[in-house]
Amino acid sequence: MNKTIAKLKTICAPHGVEIDATQDDWLDWRVVFDAPPKMAWNSSTCTVVVWDQDTLRGVVGFIRHELASGFSPASESALQETGQ
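The opening residue of the sequence shown carries number 122 in my numbering; numbering runs sequentially from there.
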């Protein structure tokens, strides 16, 4: 496992945030951060935030900022869309 992805999992676990990281054929990264169940990220009011870049440089700072912004209860429509 990539060291940065392992670090992200360590940072996110205490907050109940799950991550899914993939690297495509062009070596671009897509890291999806799922808010805890029935919660939404305060920064976007969505249940996920996404890092979609050609490098992982900056992703740790990105998720720390998102975590500092916190969570709020997800809207009913967001819960329906995500099957929660």
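The beta-carbon is built from N, C-alpha and C at its ideal position, and this holds for glycine as well. Please read all numbers here as calculations on a predicted model, not as lab measurements.
Assumed close pair residue i, residue j - CB separation to whole angstroms, cut-off 8 Å
| i | j | result |
| --- | --- | --- |
| D175 | D149 | 5 Å |
| L129 | V171 | Not really, about 13 Å apart at Cβ, beyond 8 Å. |
| K159 | L188 | K159 to L188, Cβ: 17 Å. No contact. |
Check whether residue i and residue j have beta carbons under 8 Å apart
| i | j | result |
| --- | --- | --- |
| R185 | I132 | yes |
Own chain, CB closer than 6 Å to residue i, minus 5 neighbours either side, in chain order
| i | result |
| --- | --- |
| T203 | T168 |
| E139 | D155 |
| S190 | N163, S164 |
| L177 | T125, W150 |
| T143 | R151 |
| V153 | D141, V169, V171 |
DSSP bridge partner residues for residue i (one or two, in chain order)
| i | result |
| --- | --- |
| R151 | T143, D173 |
| A189 | According to DSSP, A189 bridges with nothing at all. |
| A161 | S193 |
Close beta carbons around residue i, own chain, < 7 Å, minus the five adjacent residues each side
| i | result |
| --- | --- |
| G137 | P157 |
| D114 | One cannot answer for residue 114 here, as it falls past the ends of the chain, which runs 122 to 205. |
Spatial neighbours of residue i in its chain, beta-carbon cut-off 8 Å, leaving aside the 5 residues before and after
| i | result |
| --- | --- |
| D134 | Contrary to the premise, residue 134 reads as Ala rather than Asp in this sequence. Around A134: no qualifying Cβ. |
Q. Is the stretch 195–203 touching the stretch 162–178, taking contact as three or more C-beta pairs under 8 Å?
A. With a cut-off of 8 Å on Cβ pairs, the stretch 195–203 is in contact with the stretch 162–178, counting three or more such pairs.
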